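So the protein sequences, as listed, match chains R and G.
Heads up, the first sequence is in my numbering, so the first residue is 8 and it goes up one at a time.
Heads up, the second sequence is in my numbering, so the first residue is 58 and it goes up one at a time.
Every residue gets a Cβ at the ideal spot worked out from N, C-alpha and C, and that includes glycine.
Since we're looking at a predicted model, the values are computed, not measured.
Below: one structure, written as structure tokens.
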Amino acid sequence: MSSEGQIGLFEAICISSFIITTKIFYTSTSFIVKEVGTASWYTTLLSCAVSLFFFFLIYLLMKRFEGNNIVEIYELVLGKFLGKLISICFCAYGIFYAGSTLREFVEMIKAFNLPYTPPSVIMALFIGVVCLIVYFGLNGISRISVISFFPVIAGFITILVLTYPEYDADYLKPYLGYGINKTLITGVLRSSAYDEFFILTVIINSIHGLKNFKKAGVISLLIAGISFGISVACYLMVFGYKIGSENLSGMFELARVIYYNRFLQRLESIFLFTWVISSVVSVSISFYLPISIYCKAFRINRHKPLIFPFSFLLFLVAILPDNLTEVLQMNLLVIRQYSMFFIYLVPVAVLIISLITRKRGAALNAQKN
Amino acid sequence: MLRKISLFISAVLVLNILLTGCYDSMEIDSEVYALVLGIDKGVNNKIILSIQYSTYKSSGGGSSEESGKNGEDSQSSSNKISDTNIQTIEAPSILEGIDMLGMAVSRRISLMHTKMIVFSEEIAKEGVGNYIAPIVRYRETRKTMHVAIVKGKAEEFINENKTNIGDSLAKAIELLTTQSKNTGFFPEARFTSFYRGIMSSYESAVAIHGGINNFDKLPKGNHSSTSPLIVDTGFLPDELPRKGVTKREFVGTAVFRGDKLAGALNSNETRYYLLLLGKYKRGIITIDDREKPGNEIAVDIRLGRHPMIKCRFENGNPVIDVNLKIESEIESINSRINYESIDNLDSLDSQIKDYLQSGLNKLIEKTQKELKADIFGFGHKVAGYFPTIQEWEQYNWPSHYPYAKVNLTVDVSIRRTGLLIYSSPFKAWEDKTEEKEGKK
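Set out below in structure tokens:
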């Protein structure tokens, strides 16, 4: 989709970082503490390392087909029908991801701030804003990401710094959590929580090619890994592994324990600011992803006509789960624990197939000849 | 163009309505904000809930009596204390109790500004686990609120919870709880740490211990010829020999084993506890002058650095080494002995050290033998020896804590001597008078 426009390296990093790290503000922190206890802070680093490994495999695929995006690569390697079919699956997953993230946000904002507002109203408003951002395309999303990046980082750091008096590093003991095996398995599976860098493979032609793709992917994964590691460690140092696994939002609860004196307390408003901005940006990016894949798969030049129908799909996916438990134990479990089998393994399989069938991109072919 | 402008204006108008949060909007004046929640054991139902909330009047603590003379809230179950109302109801749960009070109170009761939750000792002995569940989960309650266990009924405690300093009871409660930092006679027990403590496998929970002082402990009658100096006297609630305005007081620490009240530390033991925990900020202690018994020495003590706590295992038993560095400042030397001199300073250091070491050792022994509760969080250090959570939980630290060996070393350094650098004896004048009288 040539009309997608061009964005710089930093913008690509912001986009990728936002979509990966926003889940820090949701249930992700408590969930990982529940799974691996005191080992969660380095389990997430392990997940980051696994993701980096898969990123390099995907990078090899992108390098082999330099100049092509992932949708085109699927078609080149697997043929038009199968390639399109897989692209449509990714497109459907993108909608599922965006809808589930939206629903998680709505459930949390209802639990903490707007208990009596119907979820459909919050969703409709949220989707309205998301559609507006997506309307301006990749350029619009990238600018919003860059503008929001520093305030969100500042809010995030502010919370972690102000919670300092509550920290007790001894809550990180016993250091191996629920055991090495559990840590390793969860670490590998939770690499799914980092697989959103996949968006870079879709927009690779808009980020000035392979070199920027590699830099943006590695840097955003490192930013996400470090942010996750630090925030989970801080969270554990305040709540410990027992009550740390209970909270709906780890970071929100961290913000709520800040109390210095009568004048410096109730700082979760900073968190809300950070949380809402990053959620809007994150859902916008994840909503743009399926539209972009769809456009690329069916050679549609303008994405704008698709925004309205896709927004309906987004709303449908978001409204589908009956309750928060279903969101957490079905949707988010699939996204954050098992999506790696789809997001990582399909491109890796395509890479292997391309190696077996000796297929490569036009640029490499030209170089060879 | 006109179409776009009208579309934009319509969108703004619609968003104005929707984005202002109509569904969850709440006028400040349409709610009352509970400052203190009191939980007593119920008779016909599970709990008796008492709520103290502000009445939005800033007329000072004493003049609020008239505020309740009219209006629907002035019923027999409602009291007026320091610009606040107190409502009590028997209910199956805290949150339903609050809703039930909505049948009597004209405004919705909000817990967003609750400063303190008070449990009666009776409930605390049976276990507070069931009662704190809604506090943990409910979105309005803040985990920065304080937790207090009171002698007698929580309702009676709240009835005496008033201030005559300033207008705001909310401010008074916040300042009262921060008195912990100024004196160390009770801990600053916030809900987060309390809940963490009762759920923890590393440590035991503590809460503020409170009660009502009936002002009957202050000795009456003639003074004896000599007033003996008694130091290291710890008090429990309702034991403080005082008279005054407010009857409610926070004295000492309520200690939990799991979610059940195991016992209490008196005010002095609480200071030792805070010292060992590294949360002692400042406070003056009085010791009996060893060189001249009967004369007090007052010193301001504070922690020189955070306590160094290390753990090791000897023959399968945990050994905990604690090193406390304490700094002090001389506030008074009644014996007028020149402890400020470089030759005598060590002697005073040693007196303070012995005083503190003895008190600290007694406290550690009490927590091991009597309370069987690791309130110091030594378990944190021991947990480092267990690789996994399963092994740590299987070890069951609470059952081993009473048998752990705790080695305590205290280093005391007098850093400053107040505004004086030398104590001149009174003795010169007295001696000369005596000599002259002798000559006559």
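Classify G:Tyr-437 as buried or exposed, calling it buried when 16 or more other Cβ atoms lie within 10 Å of its own Cβ. Position 380 of the second sequence, counted from the first residue, corresponds to residue 437 of chain G. Just to set this straight, residue 437 of chain G is His in the shown sequence, not Tyr. Looking at its Cβ environment, which holds 16 or more other Cβ atoms inside 10 Å, G:His-437 is buried.
CB contact below 8 angstroms: R:Ala-99 versus chain G: As a position in the first sequence, residue 99 of chain R is number 92, starting the count at 1. Not closer than 8 angstroms to any Cβ of chain G, the Cβ of R:Ala-99 fails to qualify, so no.
Roughly how many angstroms lie between the CA atoms of R:Arg-465 and R:Ile-363, to the nearest whole one? The question about residue 465 of chain R has no answer, for chain R in this structure spans 8 to 376.
If you reduce the DSSP assignment to three classes, tell me which class R:Leu-340 lands in. Looking up residue 340 of chain R in the first sequence gives position 333. In the structure shown, R:Leu-340 sits in a helix (DSSP, three-state: H, G or I).
Answer with buried or exposed for R:Ser-202, where buried requires no fewer than 16 other C-beta atoms within 10 angstroms of its C-beta. Within the first sequence, numbered from 1, the residue matching residue 202 of chain R stands at position 195. Position check: residue 202 of chain R holds Asp in this sequence, whereas Ser was assumed. By the 10 Å Cβ count, R:Asp-202 comes out buried.
For G:Thr-176, which residues does DSSP report across the bridge? Here residue 176 of chain G corresponds to residue number 119 of the second sequence, with the count starting at 1. Rather than Thr, the amino acid found at residue 176 of chain G in this sequence is Phe. G:Ile-96, G:Ile-206.
In chain R, which residues lie less than 8 angstroms from G:Tyr-252 when you measure between Cβ atoms? Taking the second sequence and counting its residues from 1, one reaches residue 252 of chain G at position 195. Chain R residues near G:Tyr-252: Ile-250.
First and last residue of the alpha helix (DSSP H) that includes R:Ala-19? The count along the first sequence starts at 1 and reaches residue 19 of chain R at position 12. That run of the alpha helix (DSSP H) goes 16-28.
In chain order, what residues of the same chain lie with their CB nearer than 6 angstroms to the CB of G:Phe-292, ignoring the 5 residues before and after it? Position 235 of the second sequence holds residue 292 of chain G. Val-308, Asn-323, Ser-324.
Of all the alpha helix (DSSP H) runs that stay within the bounds of the segment 316-393 of chain G, which reach a length of 4 or more residues? 324-334
Range covered by the beta strand (DSSP E) that runs through G:Val-312: The count along the second sequence starts at 1 and reaches residue 312 of chain G at position 255. From DSSP, the beta strand (DSSP E) with G:Val-312 extends over 305-314.
Near G:Gly-117, which residues of its chain fall below 7 angstroms by C-beta distance, leaving aside the five closest residues on each side in sequence? Numbered from 1 along the second sequence, position 60 holds the residue referred to as residue 117 of chain G. Its pLDDT being 41, under 50, G:Gly-117 is placed unreliably in this model, and the coordinates cannot settle the point.
Per the DSSP calculation, R:Gln-272 is bridged to which residue(s)? For the purposes of this step, residue 272 of chain R is taken as the residue at position 265 of the first sequence. R:Tyr-266.
As a quick exercise: from G:Ser-470, G:Thr-249, G:Asp-289, G:Ile-265, pick the residue whose alpha carbon is nearest that of R:Met-244. Your numbering for residue 244 of chain R matches position 237 in the first sequence. When only C-alpha atoms are compared, the closest one is G:Thr-249.
Check whether the segment 285-299 of chain R touches the segment 103-114 of chain R, taking contact to mean three or more Cβ pairs, one atom from each stretch, closer than 8 angstroms. yes
Given 8 angstroms as the limit, is there contact between the segment 346-353 of chain G and the segment 438-456 of chain G, that is, 3 or more CB pairs closer than that? Taking a cut-off of 8 angstroms on C-beta distances, the segment 346-353 of chain G does not touch the segment 438-456 of chain G, as fewer than three cross pairs fall below it.
Short-range partners of chain R found in the segment 439-461 of chain G, where Cβ spacing is below 8 angstroms: Ala-440, Gly-441, Phe-443, Pro-444, Thr-445, Ile-446, Gln-447, Glu-448, Trp-449
Could you tell me whether the Cβ of G:Ser-480 comes closer than 8 angstroms to any Cβ of chain R? Here residue 480 of chain G corresponds to residue number 423 of the second sequence, with the count starting at 1. So no, G:Ser-480 is outside the interface.
Would you kindly report the start and end of the unbroken beta strand (DSSP E) that includes G:Lys-462? Here residue 462 of chain G refers to the residue found at position 405 of the second sequence. Start and end: 462-473.
Closer than 7 angstroms by C-beta to R:Leu-321: which residues in its own chain qualify, once you throw out the five before and the five after it? Chain order, please. As a first step, residue 321 of chain R is located in the first sequence; it is residue number 314 there, counting from the start. Ile-102, Ala-105, Gly-106, Leu-109, Ile-134, Phe-294.
Pull up the CB-CB distance for R:Phe-205 and R:Ile-350, whole angstroms please, since I reckon it's below 8 angstroms. The count along the first sequence starts at 1 and reaches residue 205 of chain R at position 198. The count along the first sequence starts at 1 and reaches residue 350 of chain R at position 343. Yes, R:Phe-205 and R:Ile-350 are in contact; Cβ-Cβ is about 5 angstroms, under 8 angstroms.
Taking G:Gly-361 as the reference, which of G:Ala-311, G:Ser-470, G:Ile-377, G:Ile-387 has the closest Cα? Mapped onto the second sequence, residue 361 of chain G falls at position 304. Scanning G:Ala-311, G:Ser-470, G:Ile-377, G:Ile-387 for the CA closest to the CA of G:Gly-361 turns up G:Ser-470.
Closest Cβ-Cβ distance between G:Asp-81 and chain R: below 8 angstroms? Position 24 of the second sequence, counted from the first residue, corresponds to residue 81 of chain G. It does: the Cβ of G:Asp-81 has a partner Cβ on chain R nearer than 8 angstroms.
Apart from the five residues just before and just after R:Val-136, which ones in its own chain have a Cβ nearer than 7 angstroms to its Cβ? Looking up residue 136 of chain R in the first sequence gives position 129. Cβ neighbours of R:Val-136 beyond the five flanking positions: Val-287.
Quick one: list the residues of chain R neighbouring G:Thr-201, beta-carbon separation under 9 angstroms, in chain order. As a first step, residue 201 of chain G must be located in the second sequence, where it is residue number 144. The answer, in chain order, is Arg-263, Val-264, Ile-265, Tyr-266, Gln-272, Arg-273.
Buried or exposed: which applies to G:Lys-208, given that a residue is buried once 16 or more other Cβ atoms fall within 10 Å of its Cβ? The count along the second sequence starts at 1 and reaches residue 208 of chain G at position 151. Buried.
Buried versus exposed call for R:Pro-312 [16 or more other C-beta atoms within 10 Å across all chains shown]: Here the question's residue 312 of chain R lines up with position 305 in the first sequence. Burial call: exposed.
I need the straight-line Cα distance from R:Asn-338 to R:Tyr-345, nearest angstrom please. As a position in the first sequence, residue 338 of chain R is number 331, starting the count at 1. As a position in the first sequence, residue 345 of chain R is number 338, starting the count at 1. Approximately 10 angstroms between the Cα atoms of the pair.
Inter-stretch contact (C-beta, 8 angstroms, three-pair minimum) for the segment 226-241 of chain R and the segment 48-60 of chain R: Enough Cβ pairs lie closer than 8 angstroms, so yes.
Got a sec: is the Cβ-Cβ distance from R:Lys-311 to anything in chain G below 8 angstroms? In the first sequence, residue 311 of chain R corresponds to position 304, counting from 1. It does not; no Cβ of chain G falls within 8 angstroms.
Supposed close pair R:Met-347, R:Ile-31 - CB separation, criterion 8 angstroms: For this step, residue 347 of chain R is matched to residue 340 along the first sequence. For this step, residue 31 of chain R is matched to residue 24 along the first sequence. No, R:Met-347 and R:Ile-31 are not in contact; Cβ-Cβ is about 19 angstroms, not under 8 angstroms.
Strand pairing of G:Val-193, partner residues [DSSP]: For the purposes of this step, residue 193 of chain G is taken as the residue at position 136 of the second sequence. According to DSSP, G:Val-193 bridges with nothing at all.
With a threshold of 8 angstroms between beta-carbons, can R:Val-137 be considered close to chain G, or not? If you number the first sequence from 1, residue 137 of chain R lands on position 130. For R:Val-137, the answer is no, since every Cβ of chain G falls outside 8 angstroms of its Cβ.
Beta-bridge partners of G:Val-89, as assigned by DSSP: As a first step, residue 89 of chain G must be located in the second sequence, where it is residue number 32. Paired residue(s): G:Ile-166.
Tell me where the alpha helix (DSSP H) around G:Asn-142 begins and ends. Residue 142 of chain G sits at position 85 when you count from the first residue of the second sequence. Per DSSP, G:Asn-142 belongs to no alpha helix (DSSP H); it is in the beta strand (DSSP E), 141-148.
Express the C-alpha separation of R:Tyr-301 and R:Ser-318 in angstroms, rounding to a whole number. Looking up residue 318 of chain R in the first sequence gives position 311. Looking up residue 301 of chain R in the first sequence gives position 294. In a straight line, the C-alpha of R:Ser-318 is about 14 angstroms away from that of R:Tyr-301.
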